[in-house]
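Number of protein chains: 2
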Amino acid sequence: CGYKGKIFPINPGAEEILSLRCYHSVLDVRENIDLAIIAIPAGSVLQVAEECGKKGVKAIIVISAGFKETGREGAILEKQLVDIASRYDMRTQGPNCLGVIDTSTPLNLSFAVTMPKAGKIGFISQSGALGTAVLDWVIKERIGFSSFVSLGNKADLDEIDFMEAMGGDDEIGVILLYLESIEKGQKFVEKAREVAKRKPVIVLKGGTSSAGAKAAGSHTGALVGSFIAYQTAFRKVGILLAESVEELFNYAVSFTEQPLPEGEGIAIITNAGGPGILATDLCEKLGVKLAIFSRVTHQELISKLPPAASTGNPIDVLGDAKADRYRFALERALGDEGVKAVIVLLTPQAMTESLATAQSIVEMSRSAKGKPILTVFMGGSSV
Amino acid sequence: CGYKGKIFPINPGAEEILSLRCYHSVLDVRENIDLAIIAIPAGSVLQVAEECGKKGVKAIIVISAGFKETGREGAILEKQLVDIASRYDMRTQGPNCLGVIDTSTPLNLSFAVTMPKAGKIGFISQSGALGTAVLDWVIKERIGFSSFVSLGNKADLDEIDFMEAMGGDDEIGVILLYLESIEKGQKFVEKAREVAKRKPVIVLKGGTSSAGAKAAGSHTGALVGSFIAYQTAFRKVGILLAESVEELFNYAVSFTEQPLPEGEGIAIITNAGGPGILATDLCEKLGVKLAIFSRVTHQELISKLPPAASTGNPIDVLGDAKADRYRFALERALGDEGVKAVIVLLTPQAMTESLATAQSIVEMSRSAKGKPILTVFMGGSSV
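For the record, the sequence lines run as chains A and B.
Quick note on the numbering used here: the first sequence kicks off at 1 and runs consecutively.
Quick note on the numbering used here: the second sequence kicks off at 1001 and runs consecutively.
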């Protein structure tokens, strides 16, 4: 992935791995080691962790599974791992995790073969497999990532540690978390309150139903808290809750590619009544306030748009609107002080200029004075 | 679009349209006319409707806008149109609509330039523009349509008439409705109860919020009923409610490409804990019951799957599952009497065989004994 630092493969059965000299033990390496990645059968992890401790390694990432998630014996093994690490003052990520990716170092210590594009999203996942699926998807969709962290069993480092670190990382503009269990609820909420003041924090919580919680319980061996309690606490401290992976990334992409609105009041521009109504319904459902236009804006809309157009909010520029009419309505909406964000809806009608309208919106967005513009171009090949 | 019947273009200003002889008035045509499409300025519609009546036309579709949706004068014009039509015993679709498509006739009396692929979906839309966007999208996605109807102002024929017609049409396997207003609530619910016994009826209701209702009011000039009341009535008679256009078509595609489950009890198969939990959460949220496996099924899963696998429901076949392990789990799930439907989730892990797993699922679906199989392959280029 282009990592600039030194890498020391350790394997007692090999002399060379990927053209790098291979060591039989971490103790054979002469240089200092910052981080060790352990991906060996669970039974040997304790011995290797002990060696890492002796060597003065600062942190370990334990990919290996076979710990708390497998039952009582695994839980004992995990406890022993934590004891060793804390004795040597090593921090531990995992076990039973998929590692970490950082596109700015760059560093890819994960199962993902290719790196995602560099970007502003930091993603913390308690499910490694969900993480893999998401990485695969963002690479295809060319969505920019800054960091990806797979938490695994959270024997030591947990979502609070990584959220805090991402909160202080200027490369990261938005923090996404997929969580199944939150053990230190109070501390999580307090830390999230601090971080959410600086950048958006969005949580997708798995195990919110009783059946899902049961599945989560058998999966991570952790208790799952009451979702309603989480919801209330999250809302209070300004955490956004996503209801699906799709929603999580819709939020993330909107937040990283657009400025945050500076207040309440959204304007909707549409060339079709139905989609305008559906968008209005959704805004009300989500508690997003529709802007009330100033008298000046309203007058200008009335005087320049055709008589049949709706000049309230949503603004219906009508089915025969070409790019110039969209441009005019968008300019008026952005110029209104009460409007803090704009949604532009387009459906393909006979006269619609999809491409020219999109270009107008892109041009207008440059002088949008920090107001985000969201677009929904409905349809297939015509848009 | 390949229509086999006769077409008579009417336009006082032309002698020929698309190589067809053009008539100055419908009264100049000698043959009988079943259906007239009127797409002229609103001011001339009444005269043409009168002529159609005299000619003995059985039904008219009024594309023209400029009626009830524009205000009081338009409403008067619309009333006059209805009076003329009823005097001559003509049925009217519209005004202010986008026409109709029927892929089996075939007949395309709409703004859509290309026809959608023939299929089992019947779609009734109170928003013409939403209809256009949907048509554009289904054509690109190659989703099969049987009929598309744009209701417009519903001066005469309304959603009840078309739902009834589609209910009796064997070409149509699922009926979708996008509605903003339902004037005859009681009658709609009664008719839907009958139709929903024969095939799924799915409604996306616009104007469910007060702001959305206001937007709908100014758009179609119709009052919008209380959504909560609709919800309750719909649930009672077996109508499914979609919350977005996407959901409407997800339902439609599932219903037309898969058998309907014959009872409650769904099995989830996954190679990743997180997505399994999210799916379980969603099932509980939507009131879908998870199947409880029989002792035999459970024993077989335990004896053949690796020890770390979850053999409850969801079945976690683990991250290293190849196609054969998916196939085994799917076979066991389908073989269980308590399982009426299966969801297969896949995330791309190092060992995952996406294509071979998909092929296994397709093969298994042939012997699925009428049990629907839904798949979610998460990720990007690897799946």
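For glycine and all other residues, C-beta sits at the position ideal for the given N, C-alpha and C.
Opposing strand residues paired with residue i [DSSP bridges]
i: residue 1201 of chain B; result: B/1175
i: residue 91 of chain A; result: A/59
i: residue 21 of chain A; result: A/16
i: residue 1099 of chain B; result: B/1110
i: residue 1266 of chain B; result: B/1290, B/1341
i: residue 125 of chain A; result: A/150, A/178
i: residue 315 of chain A; result: A/269
i: residue 1377 of chain B; result: B/1346
i: residue 241 of chain A; result: A/203
i: residue 1145 of chain B; result: B/1121
i: residue 356 of chain A; result: Beta-bridge pairing links residue 356 of chain A to no other residue.
i: residue 1248 of chain B; result: Answer is none; residue 1248 of chain B lacks a bridge partner.
i: residue 1036 of chain B; result: B/1060
i: residue 1010 of chain B; result: B/1023
i: residue 310 of chain A; result: A/316
Contact set between residue i and chain A, taken where Cβ atoms lie within less than 8 Å
i: residue 1252 of chain B; result: Near residue 1252 of chain B there are no residues of chain A at all, since even the closest Cβ is about 15 Å away, more than 8 Å.
i: residue 1375 of chain B; result: In chain order: nothing, as chain A lies at least about 14 Å away.
i: residue 1215 of chain B; result: 273, 276, 277, 280, 310, 312, 314
Within-8 Å CB hit, residue i to chain A
i: residue 1129 of chain B; result: yes
i: residue 1219 of chain B; result: In this prediction, residue 1219 of chain B scores a pLDDT of 49, lower than 50, which makes its location untrustworthy; the coordinate-derived value is nonetheless stated afterwards. It does: the Cβ of residue 1219 of chain B has a partner Cβ on chain A nearer than 8 Å.
i: residue 1209 of chain B; result: yes
i: residue 1133 of chain B; result: yes
i: residue 1111 of chain B; result: yes
i: residue 1299 of chain B; result: no
i: residue 1018 of chain B; result: no
i: residue 1357 of chain B; result: no
i: residue 1278 of chain B; result: yes
i: residue 1319 of chain B; result: yes
i: residue 960 of chain B; result: With chain B covering 1001 to 1383 only, the question about residue 960 of chain B has no answer from this structure.
i: residue 1096 of chain B; result: no
i: residue 1340 of chain B; result: no
i: residue 1322 of chain B; result: no
i: residue 1192 of chain B; result: no
i: residue 1222 of chain B; result: For residue 1222 of chain B, the predicted structure reports a pLDDT of 44, less than 50, and the residue's modelled location is therefore unreliable. A value from the coordinates is still provided. Not one chain A Cβ lies under 8 Å of residue 1222 of chain B.
i: residue 1314 of chain B; result: yes
i: residue 1070 of chain B; result: yes
i: residue 1100 of chain B; result: no
Best match in the options for proximity to residue i [C-alpha to C-alpha]
i: residue 90 of chain A; options: A/375, A/156, A/121; result: A/156
i: residue 357 of chain A; options: A/280, A/270, A/95; result: A/270
i: residue 1254 of chain B; options: B/1371, B/1116, B/1317; result: B/1371
i: residue 1238 of chain B; options: B/1195, B/1015, B/1062, B/1301; result: B/1195
i: residue 1290 of chain B; options: A/214, A/158, A/230, A/206; result: A/214
i: residue 251 of chain A; options: A/204, A/211, A/268, A/208; result: A/204
i: residue 1294 of chain B; options: B/1240, B/1360, B/1015, B/1267; result: B/1267
i: residue 1300 of chain B; options: B/1288, B/1335, B/1275; result: B/1335
i: residue 341 of chain A; options: A/260, A/138, A/151; result: A/260
i: residue 6 of chain A; options: A/12, A/22, A/13; result: A/22
i: residue 174 of chain A; options: A/147, A/17, A/154, A/159; result: A/147
i: residue 360 of chain A; options: A/133, A/330, A/227; result: A/330
Any C-beta of chain B under 8 Å from that of residue i
i: residue 136 of chain A; result: yes
i: residue 108 of chain A; result: no
i: residue 154 of chain A; result: no
i: residue 103 of chain A; result: no
i: residue 271 of chain A; result: yes
i: residue 285 of chain A; result: yes
i: residue 347 of chain A; result: yes
Neighbour list for residue i in chain B, Cβ cutoff strictly below 7 Å
i: residue 140 of chain A; result: 1380, 1381
i: residue 171 of chain A; result: Near residue 171 of chain A there are no residues of chain B at all, since even the closest Cβ is about 23 Å away, more than 7 Å.
i: residue 178 of chain A; result: 1274
Proximal residues of chain B, C-beta to C-beta of residue i below 8 Å
i: residue 290 of chain A; result: 1211
i: residue 306 of chain A; result: Those do not exist, as residue 306 of chain A stays about 11 Å from chain B at its closest Cβ, beyond 8 Å.
Partner residues on chain A for residue i, Cβ-Cβ distance less than 7 Å
i: residue 1206 of chain B; result: 274, 277, 278, 281
Any non-hydrogen atom of the ligand SAH within 7 Å of residue i CB
i: residue 1298 of chain B; result: For the ligand SAH, the structure offers nothing, since it holds no ligand at all.
Legend entry - Inter-stretch contact at 8 Å, needing at least 3 Cβ pairs: the segment 1272–1281 of chain B / the segment 1351–1366 of chain B: No, the segment 1272–1281 of chain B does not touch the segment 1351–1366 of chain B.
Inset, instruction - Indicate whether the contact test is met: 3 or more Cβ pairs, each with one atom in the segment 1117–1130 of chain B and one in the segment 1167–1182 of chain B, closer than 8 Å. - result: Because the criterion of three Cβ pairs below 8 Å is met, the segment 1117–1130 of chain B and the segment 1167–1182 of chain B touch.
Legend entry - Touching by the beta-carbon criterion (3+ pairs, under 8 Å), the segment 1087–1106 of chain B and the segment 303–314 of chain A: No, the segment 1087–1106 of chain B does not touch the segment 303–314 of chain A.
Inset, instruction - Would you check if the segment 70–89 of chain A and the segment 43–60 of chain A touch, i.e. whether three or more CB-CB distances between them fall below 8 Å? - result: Remark: three or more beta-carbon pairs, one from each stretch, lie closer than 8 Å, so the segment 43–60 of chain A and the segment 70–89 of chain A are flagged as touching.
Inset, instruction - Spell out a yes or no on whether the segment 323–334 of chain A and the segment 1100–1112 of chain B are touching, meaning 3 or more CB-CB pairs, one atom from each, closer than 8 Å. - result: Here the segment 323–334 of chain A does not lie against the segment 1100–1112 of chain B, with fewer than 3 beta-carbon pairs under 8 Å apart.
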